[in-house]
Structure formats: C-alpha cells, structure tokens
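Residue numbers for the sequence shown, in the numbering used here: 38 to 101.
We treat Cβ as the ideally placed atom computed from N, Cα and C, and that holds for glycine.
Model, not experiment: these values are computed from the prediction.
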Amino acid sequence: MIIVNVKENESIEKALKRFKKKFDKTGAVRELRARQHFVKPSVKNRDQKIKAAYKQRLQTEAMK
38 MIIVNVKENE SIEKALKRFK KKFDKTGAVR ELRARQHFVK PSVKNRDQKI
88 KAAYKQRLQT EAMK
C-alpha cells in the first residue's frame with residue numbers, strides 16, 4: 038500500500054502528484070496491462086530483438 042503523508046501547508050494537488058509518482062514507480066499499471074493476455078516467450082524475445090535493433094539504429098544515426 039502506498040502511503041503519502043500530507044505535510045503542513047501543502048496543497049492536495051502536490052500530495053496527489055507525489056502519490057502518482059510513487060504509483061508509477063511501482064509499475065502496477067504496466068504489469069496489469071502485460072497480464073491481460075499471455076505472450077509466448079518466443080514472441081517476447083522477437084519483440085525485444087526488434088526494439089534493440091531500433092534503438093541501435095537510432096544511436097548510429099545520431100552519431101553521424
């Protein structure tokens with residue numbers, strides 16, 4: 038459970054922003070989306086390789 042203590046003279050908006058930041062760091066939403074359907078390990082590996090190739094291509098283009 039995420040606990041955010043509201044400090045004295047702190048607005049609710051600022052406390053809510055801190056809560057959202059802590060919630061994003063936990064990765065709960067990302068995990069829920071990933072678990073909505075099963076992805077075969079071979080498909081995961083293929084996607085990782087495609088992403089790695091894309092990143093590599095961006096790096097080489099940036100160095101030119």
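Collapsing the DSSP output to three states places Glu98 in a helix. Counting only the Cα atoms, Phe56 lies some 13 angstroms from Gly64. Considering only Glu50, Lys62, Gln96 and Arg94, the residue with the shortest C-alpha distance to Met38 is Lys62. Annotation: the continuous alpha helix (DSSP H) that includes Val66 extends over Ala65 to Ala71. DSSP places Glu50 in the helix class (H, G or I) of the three-state scheme.
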